[in-house]
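Protein chains in written order, with our numbering: chain L, 1 to 479; chain U, 480 to 1147.
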C-alpha cells in the first residue's frame, strides 16, 4: 500500500475515549441533572444561594471551576491521523492525545535533555560540549528550547522576562476591565440599572452576590494564564525534570489525575454507601446486622494492604490480556480506574455508618409512618422520603472526602502502590522528588510545583466544603 | 404584701434577624410585689419567655439585646449591672426554672452535686453542712428518701421528680423571686397538680414571689394573684386574678376564654381567633390585635392604643373612643353551631385483647431479658360516626395502642376486626389495600410532613399509593378540593410545609388523611402542640368533617376538656390497660375508678366553684417493663386493699356501656 499523503491536519482525528473519560462524562451528566433538579426545588436552591453569597466560598468555587476546566479538557482524548493510504483509509497514531495537550502543545513538545532550573537557559549539570573548533569543553550546555529566542545573548534574559511580564499584565488588565464591564452590564440589565450605577453598587457591595470577590478571583486567574502564555512558551517556568519534560506541563496534567481520583472514587463509593446505609437503617433486623458486619470487617482491614493486593492483581490481569489494553495509556488508565474502585470500596464505610444512623432516626419520623399508613411501598418510602432527607449528609461528605482522596493518591503513589508510574500525577512527581532532593545540588522545583498546585486544589476544596456544610446544616442555618 | 419587689418599666428586647429587627419585647411594664404570684399569660411567640430572660439578663447574645427600659429590684436598676454584678443576683435574688426538666439537668452529674453547686455559690456552707442543706432542700421539695437520691443521676428520676430537683436548685439560693417559665407544660396533669401544689406550699413557707409564665388559663386560675396578658410583645391587660376571670376586658383575653373547649360548649362551634400573631418585625400603626378582633373599628387600624389608667390597652376602654364602640353593634361574630354527627349504632372496628410488647435485650449477646408491655390487653369498639377518646398520662401506651391497631407497629397478640376481617392476620399486601380506610393524624404537625416535598405532593401521596384517582389532572383537582375543605387556599399545593403555621400544617395533615376517603381516623393528640385559639380551629374542623363525612375518630389525648367537648365515649388507660370505659357523661360526671377520679380532679379549671378537691396521687407511673403485681394502680391508690395487691380486678359493668376494672365494685 502506498502512502498517499502524510502530514495531515491536526483536526483529522479519531476520538479515543478512555474508560475514565466515559465515567467523567457520566459524572458530568449526573451533575447537570442535579443542577437542573436543584434549580426547580426551592429547598435545594436556598442553601446553594447561601453558598454563592459567601465570599470565601465563591472565590474557592471559581478556582475549583478553573481546575475542573483543565481536567475536563484533558479528558477529551483522540488519536491523530498519521498518514493516508492509497485505499483512502487513514492510519492513526498510537498515542492518545487530549484536547488539553493540543492547546499546550509547545509545553509538551519542548523537552530538554535533563534537569534545568525554572527560567534557565542552560542545563542544570555540566556536560562535555564539542566546540566549533573541535575542542571539548566542560560547561553547562544551552537548552534547546528554554530561552532559545534569546539566541546568543543569554544575558538579556532578565530584560526579556521583565518586558514579557509587563506585556502580560497589561493584556490581562485590559481583559479584566472588559470582563468587569460585561458582568456589570449583565447585572445592570437584570435590574434595569445603568452601567455606572451597576458598577458603583458592585464596588460598594450592595446586594447579596460578592461581586468584588468574584472579579478579584477572576483577575487572579486571568493574570496567571496571561503570564504563563507569555512566559511558558519560551521558558520552562517551573524547570524541567530528569528526562527533560517541562514541569509546568506535568503539574497541569496531574490535575486530571487528582480530579479523577477525587471524583470517580466518590462515584464508585456512593451507590454502596447510600444503598447499604439506608437499607440498614430502614429495614433493621437481620439486614442491618449483615450490613454492619460487612462494613465493620472491611474497615478493620488495613486499607493499604488491600490496595496493594488489588493493584497487583490488576497488574496481572493487564499483563495477561495485552490485546485488550493496546496502548500504554490505556493500561495506565485502567490502573487508575482500578485504584478509584479500590479506594471507593474501602472508603464507603464512613458514609454508610452515618446514613444508617440518620435513616434509623428518620424511619421513626411521623411522615414516614404516615406514608406507611397509606400503604406506600418500602422502595417508594426510601426514594421519596428518606433519600432526599439524607442528601445533605451525602453532599457534605462527598465534598469533604474529595480533598482527602486527592491527598491519598499522592501518598499511595509515593509508597509505590498508586497510579501507574507512566501516568503523570502529583504523587509520582513527589515520588520522583525523593531522589531529586537527595542529589547535590538539589532539584527542588518539581516538588515545589506539585506542592503548590496540590495545596491550591485541596485548600479551595476544603474551604468550599466548609461553606457547603454550613449551608446545609439546618442547625447552623437556623441560628 | 404591698411592697414592690421588682418593677419593670418599658422593657424592650430586640432581635436582629435577616428579615429586620424583631421586637420580641416591646415596652413591657409591670411590677411584682413581695410574696405574690404574678402570671404572664399569652400564646406562644408573644414574648413571655423573652421578658423573663431579659429580667435575668440572659437574652441570647449577640442576636438579641435589651435596648431600653428599667428593671428595678428594690429600687436598683439591674439592667445597668455588669455581668459580674449580675451573678450574685441570679440565683440568690432571682431564680429561674424552665419548661423542660429533661434538658435542664446535667446528665453526667449526680443531682446532689448539682444542687450543692448552687449552695456553694450562694451560701457559706461547705462539706457536710452543705450536704445537709441539700438533703433538706430535697426533702422540702417532696423527694422521698433524700439521702439515697442525693447520689443518683438525672436519668434515674421521672419528669416530675426532675422538675422538683430544678425547684430545689432554684430554692438553694433562697431567692426573693422565682421565675417559673411554663414549669408544668411538659408534665402530666397529675404530676402538674403535684408540682403546682409544691410551689404554693413553698411560697407560703418562704414568702417568695413567683413570676409564672404560662399559656394555660387553668394553671393561672389556680395559682396567680395577679395576671398580665401579653400579646405580640406587649402587655394588653393587667388585673388581679379574681376580676380577670370574672370579666376579662381586652378582646384577646375574652377570645381566649371563649376558645377553651369544655363540657358546656358541646354542640357549638368554639370561638375562633382568626389568623395568627402578626410578625413582630413590622412597625405597627394601629392596634396589634386589630386583624383578629371582632370589635375592630377604623380607629383601631389608624391609632396605636395607649396604656390606659384602667390597666388595659384597648380603644374600647378609652374615653375618647368609647362612644364610637357603644354605637356600633358587634359585627361579624360567628357564633355558628356545628352539626354534630348522629352516631349510628353500627360497629365499625372491634379491638379484642390487643397486646403490643417490645422485647428488651441486654448484655453482650443481646439476651432477651424482658418485655415492655406498652399495650397489654386492650379491648375497644368504635362505632360509625363516633368519637372514642382514649385518655391517659404519657407513657400509658395510648399512642402505641393507636399505632398498633393500624398495624404500624408489630402486634404481639389480639385481634382488630374491621369489616369482618382480622387486620392482625392480614399479609402485608392485603393490609396495604385496607389502609385507605384507616388513617392517622399525628401530634406534631412540624414532624409529620416531609419538609422536602410540596404540599400538593404530600396530599397526593396517599391517592397514588391507593390508586384512588387515575390521572394527574383529577389528582390535582381533588387535592385543591381537599385543601378548600380544610380551609386552606387552593394555591397552597405549590408551597412547602415550612411556609405554614402550626395550625395550618395540622390542616394539611387532615387533608392528607382525608385524601384516601378513610372511615376511621386515629387522632394522636392532634392539638396538644398548638395554642388554645388554634386548637379551637382544629377541633371545629374535625367536628364538622365528622358530621359531613360520617367519620369515626379514635381521639388519643390527655386533655380532659377536649374530651368533654368532642367525644362520645371515653376509655381511660393506665399502664397498658383500660381501667374505665363508658360514655362521656358516665365517665366524666360519675367516674368510678380511683384513677379516673384522681385524673379528673387534677385538671386545673378556671371556674373556682367547680374546682374539686385535688386527689393527690403519690409517686409516678410505674415502668411498663415490670408492672406492679395485682392491680397496676394499687401502689398509688388511696383505696388500696389486700386483694388489690394479689389479683388484677375483673371488669364490673355499671350500665351497658360503662365498665370499670376495680376491686372496689367487685360483687362481694
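Beta carbons: idealized from backbone N, C-alpha and C, even for Gly.
Give me the DSSP bridge partner(s) of residue i.
i: residue 599 of chain U; result: Residue 599 of chain U pairs with nothing; no bridge assigned.
i: residue 505 of chain U; result: U:491
i: residue 869 of chain U; result: U:1035, U:1050
i: residue 322 of chain L; result: Answer is none; residue 322 of chain L lacks a bridge partner.
i: residue 688 of chain U; result: U:656
i: residue 745 of chain U; result: Per DSSP, none; premise fails for residue 745 of chain U.
i: residue 547 of chain U; result: U:491
i: residue 714 of chain U; result: U:709
i: residue 15 of chain L; result: L:78
i: residue 860 of chain U; result: U:829
At what residues does the beta strand (DSSP E) containing residue i begin and finish?
i: residue 979 of chain U; result: Unbroken run through residue 979 of chain U: none, as it is neither H nor E.
i: residue 1052 of chain U; result: 1048-1053
i: residue 1002 of chain U; result: 999-1003
i: residue 136 of chain L; result: 136-139
i: residue 837 of chain U; result: 826-841
i: residue 126 of chain L; result: No beta strand (DSSP E) contains residue 126 of chain L, which DSSP labels as neither H nor E.
i: residue 1059 of chain U; result: 1056-1062
i: residue 918 of chain U; result: 917-920
Listing by chain order, which chain U residues have their CB less than 8 Å from the CB of residue i?
i: residue 389 of chain L; result: 929, 930, 931
Taking Cβ-Cβ distances shorter than 7 Å, what residues in chain L pair up with residue i?
i: residue 923 of chain U; result: 366
i: residue 914 of chain U; result: 373, 374, 375
i: residue 975 of chain U; result: 42, 43
Since residue i is in the alpha helix (DSSP H), which residue starts that stretch and which ends it?
i: residue 295 of chain L; result: 285-300
i: residue 674 of chain U; result: 668-685
i: residue 618 of chain U; result: 606-619
i: residue 181 of chain L; result: 157-191
On a Cα-Cα basis, can you pick out the residue from the options that is closest to residue i?
i: residue 369 of chain L; options: U:831, U:864, U:923, U:796; result: U:923
i: residue 353 of chain L; options: L:367, L:299, L:384; result: L:299
i: residue 471 of chain L; options: L:189, L:54, L:329, L:456; result: L:54
i: residue 1036 of chain U; options: U:738, U:976, U:868; result: U:868
i: residue 397 of chain L; options: L:306, L:273, L:342, L:439; result: L:273
i: residue 263 of chain L; options: L:12, L:42, L:58, L:72; result: L:72
i: residue 106 of chain L; options: L:89, L:233, L:143; result: L:233
i: residue 217 of chain L; options: L:414, L:180, L:308; result: L:180
i: residue 162 of chain L; options: L:356, L:235, L:418, L:285; result: L:235
i: residue 574 of chain U; options: U:865, U:999, U:651, U:616; result: U:651
i: residue 745 of chain U; options: U:576, U:997, U:1019, U:688; result: U:1019
i: residue 907 of chain U; options: U:888, U:635, U:899; result: U:888
i: residue 696 of chain U; options: U:1082, U:1102, U:1129; result: U:1082
i: residue 483 of chain L; options: L:440, L:455, L:277; result: Missing from the structure shown is residue 483 of chain L; chain L here goes from 1 to 479 and no further.
i: residue 1010 of chain U; options: U:517, U:521, U:490, U:484; result: U:521
In chain L, what lies closer than 9 Å to residue i by C-beta?
i: residue 918 of chain U; result: 370, 373, 374
i: residue 991 of chain U; result: 370, 374
i: residue 926 of chain U; result: 365, 366, 367
| the segment 941-964 of chain U: positions lying closer than 7 Å to chain L by Cβ | Residues passing the 7 Å Cβ filter: 941, 944, 945.
| Looking at chain L, which residues of the segment 879-911 of chain U have a Cβ within less than 8 Å of any of its Cβ atoms? | Of all residues in the segment 879-911 of chain U, only 882, 885, 887, 910, 911 come within less than 8 Å of chain L when Cβ atoms are compared, listed by chain position.
| field | Members of the segment 28-48 of chain L that neighbour chain U once the beta carbon cut-off is set at 7 Å | value | Close to chain U, meaning a Cβ-Cβ distance shorter than 7 Å, are the following residues of the segment 28-48 of chain L: 42, 43.
| query | When Cβ atoms are compared, which residues of the segment 379-408 of chain L fall closer than 7 Å to chain U? | reply | Listed by position along the chain: 385, 388, 389.
| task | May I ask you to list, following chain order, the residues of the segment 657-672 of chain U that have a beta carbon less than 8 Å from some beta carbon of chain L? | result | Listed in sequence order: no entries.
| field | Members of the segment 995-1014 of chain U near chain L, C-beta cut-off 7 Å | value | Flagged, chain order: 995.
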